[in-house]
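The structure under discussion appears below in the form of structure tokens.
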Amino acid sequence: MTVAELTFWQQVLYADLPLQKVQALLEQAGDFEQALTLDQAALVQCGLSENQARRFCELQPTDGLEAWLDKPGHVLLRWQDDAYPSQLKVLDDAPPLLFAMGNVGLLQAPQLAVVGGRHATREGLRTAEEFSRVLSEAGLTITSGLAHGIDAAAHRGALQGIGSTVAVLGTGIDRIYPAANKPLAHEIAARGLIVSEFPQGTRPLARNFPRRNRIVSGLSLGTLVVEAAEQSGSLITARLAMQQGREVFAIPGSIHNPMAKGCHRLIKQGATLVESPQEVLEGLSNVLQAELMLETSAPGAPQALPTDAEQRQLLSQLDFSPISLDELAVLTKWPVSALQSTLLGLELEGWIEALPGNLYKRVR
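Just so you know, we're using the UniProt record's numbering here: the sequence shown kicks off at 1 and counts up by one.
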């Protein structure tokens with residue numbers, strides 16, 4: 001990359017120019033060097049606003065960007081590059097630049113966005129991790145936003161499979177938010193990919209996260225919403241996916257769970273209800289180049305039922321809504337000590353969840 005081109009892209013970032021204006025500017029200027037010679041009036045004639053033109057003319061030093069690009073695994077993808085993701089390139093609001101850290105080859109792999117609320121239930125976190133693991137094993141790359149809750153669980157699950165994961169930031173690529181996810185981000189950078197459209201040093205600003213969400217959905221063949229309240233930001237990702245013509249899937253939950261209401265609303269609006277990773281693959285089969293097959297016999301695949309007879313008998317008395325230990329004692333006529341022992345075994349094997357107040361519910 002020449003000094004002129006590097007400077008040009010630095011100015012594009014500083015002026016926060018959308019792709020259409022970058023394209024118009026280069027078309028009228030002819031090349032990077034000529035674009036940098038234009039004054040504010042000429043830039044306005046090229047389609048920039050007064051504020052954008054003023055900021056574009058305020059030349060910024062490129063040392064920081066050059067130093068970042070010199071580090072191993074650091075790449076600046078321009079929209080005209082072959083390595084720029086094709087799923088994103090077709091969008092009218094595609095970012096002109098992407099900072100990337102890690103395996104940029106994942107941007108050409110089939111991706112599924114897995115998103116949901118930050119304040120997720122334990123069941124939601126477990127579901128996000130399990131779906132992401134199985135879908136990653138099937139060959140999909142799992143894309144999410146590195147937020148607390150469902151996003152982080154999706155990344156963790158994906159790293160257990162072969163498809164890996166892409167994290168899209170709403171900050172500069174040198175600023176991990178939330179800070180608690182820094183260890184996870186380091187693992188993703190080493191084994192997957194981190195991307196951002198924002199220049200280095202960009203702080204976590206509320207207005208930037210919907211922009212981040214359009215990239216999460218835009219990179220992906222479809223978006224799976226695992227668990228979301230009615231005001232969850234993940235519903236923005238789902239709406240953007242619909243507008244981009246991508247598939248949207250939602251996992252239903254209990255009518256008593258406020259964290260399921262967003263998913264239920266999406267289903268009413270036309271999202272595909274899914275209860276298993278296989279149903280997600282079936283929903284994507286028409287857009288995947290080759291149908292991805294699940295290895296149902298793979299080690300660690302969930303069993304149809306517990307192998308222990310007493311566990312199977314007790315599981316038949318449990319529902320996906322909470323039930324108390326006393327109610328179970330009445331239903332089963334078992335001693336409380338035997339109930340507690342069997343319940344503990346079911347919990348350790350991931351069949352049920354223990355809740356405060358001696359309540360239990362089935363989770364699969």
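Each residue gets a CB set at the ideal place from its N, CA and C atoms; glycine is no exception.
Three-state secondary structure assigned by DSSP to residue i
i: residue 360; result: strand
i: residue 254; result: coil
i: residue 171; result: coil
i: residue 242; result: helix
i: residue 144; result: strand
i: residue 303; result: Confidence at residue 303 is low in this model, with a pLDDT of 47, below 50, so its placement is unreliable and no value can be given for it.
i: residue 11; result: helix
i: residue 58; result: coil
i: residue 366; result: What is shown of the chain runs 1 to 364, which leaves residue 366 out entirely.
i: residue 162; result: coil
i: residue 218; result: helix
i: residue 226; result: coil
i: residue 76; result: strand
i: residue 249; result: strand
i: residue 184; result: helix
i: residue 273; result: strand
i: residue 309; result: helix
i: residue 408; result: The structure shown does not extend to residue 408, since the chain is modelled only from 1 through 364, so no value can be given for it.
i: residue 26; result: helix
i: residue 3; result: helix
i: residue 320; result: coil
i: residue 49; result: coil
Inter-residue spacing [alpha-carbon to alpha-carbon] between residue i and residue j
i: residue 54; j: residue 47; result: 13 Å
i: residue 140; j: residue 161; result: 9 Å
i: residue 242; j: residue 222; result: 9 Å
i: residue 91; j: residue 30; result: 24 Å
i: residue 128; j: residue 358; result: 25 Å
i: residue 147; j: residue 178; result: 7 Å
i: residue 89; j: residue 363; result: 40 Å
i: residue 126; j: residue 330; result: 30 Å
i: residue 135; j: residue 44; result: 48 Å
i: residue 101; j: residue 201; result: 15 Å
i: residue 253; j: residue 145; result: 22 Å
i: residue 291; j: residue 283; result: Unreliable positioning characterises residue 291 in this predicted model, as indicated by a pLDDT of 38, which lies under 50. The coordinate reading is nonetheless provided below. Taking the straight line from one Cα to the other gives about 11 Å.
i: residue 186; j: residue 51; result: 37 Å
i: residue 176; j: residue 332; result: 50 Å
i: residue 319; j: residue 121; result: 17 Å
i: residue 103; j: residue 164; result: 10 Å
i: residue 78; j: residue 64; result: 18 Å
i: residue 273; j: residue 250; result: 5 Å
i: residue 69; j: residue 4; result: 16 Å
i: residue 224; j: residue 119; result: 17 Å
Cβ neighbour criterion (16 or more within 10 Å) applied to residue i
i: residue 346; result: buried
i: residue 337; result: exposed
i: residue 344; result: exposed
i: residue 133; result: buried
i: residue 321; result: exposed
i: residue 285; result: exposed
i: residue 227; result: buried
i: residue 324; result: exposed
i: residue 233; result: buried
i: residue 111; result: buried
i: residue 212; result: buried
i: residue 80; result: exposed
i: residue 15; result: buried
i: residue 353; result: buried
i: residue 355; result: exposed
Range of the contiguous alpha helix (DSSP H) that encloses residue i
i: residue 65; result: 63 to 69
i: residue 87; result: 86 to 89
i: residue 336; result: 336 to 348
i: residue 284; result: 277 to 284
i: residue 267; result: 261 to 268
i: residue 131; result: 122 to 137
i: residue 332; result: 325 to 332
i: residue 41; result: 40 to 45
Endpoints, the beta strand (DSSP E) within which residue i is located
i: residue 193; result: 193 to 196
i: residue 99; result: 97 to 102
i: residue 113; result: 111 to 115
i: residue 83; result: Premise fails: residue 83 is in no beta strand (DSSP E) and is neither H nor E.
i: residue 205; result: Unbroken run through residue 205: none, as it is neither H nor E.
i: residue 355; result: 352 to 355
Residue i Cβ short of 7 Å to the ligand ADP heavy atom set
i: residue 10; result: Absence of the ligand ADP is noted for the structure shown, with no ligands found whatsoever.
Minimum Cβ-Cβ distance from residue i to chain D less than 8 Å
i: residue 283; result: The displayed structure is made up of one protein chain only, and chain D is not part of it.
Practice task
For the stretch 315 to 324 and the stretch 275 to 284, state whether three or more C-beta atom pairs, one from each stretch, are separated by less than 8 Å.
Solution key: no
Problem - Segment contact flag, the stretch 206 to 219 with the stretch 187 to 194, C-beta cutoff 8 Å, min 3 pairs - result: no
Handout entry: Validate contact between the stretch 81 to 95 and the stretch 148 to 157 using beta carbons, cut 8 Å, 3 pairs
Key = No, they do not touch.
Exercise for the section: Inspect the CB distances between the stretch 16 to 31 and the stretch 94 to 103 and report whether three or more fall short of 8 Å. Expected result: yes
Problem - Inter-stretch contact (C-beta, 8 Å, three-pair minimum) for the stretch 170 to 177 and the stretch 196 to 213 - result: yes
Handout entry: Touch test, the stretch 27 to 38 against the stretch 71 to 80, Cβ-Cβ under 8 Å, three pairs minimum
Key = Pairwise C-beta distances place the stretch 27 to 38 out of contact with the stretch 71 to 80, as fewer than three of them are shorter than 8 Å.
Exercise for the section: For the stretch 203 to 213 and the stretch 258 to 275, state whether three or more C-beta atom pairs, one from each stretch, are separated by less than 8 Å. Expected result: no
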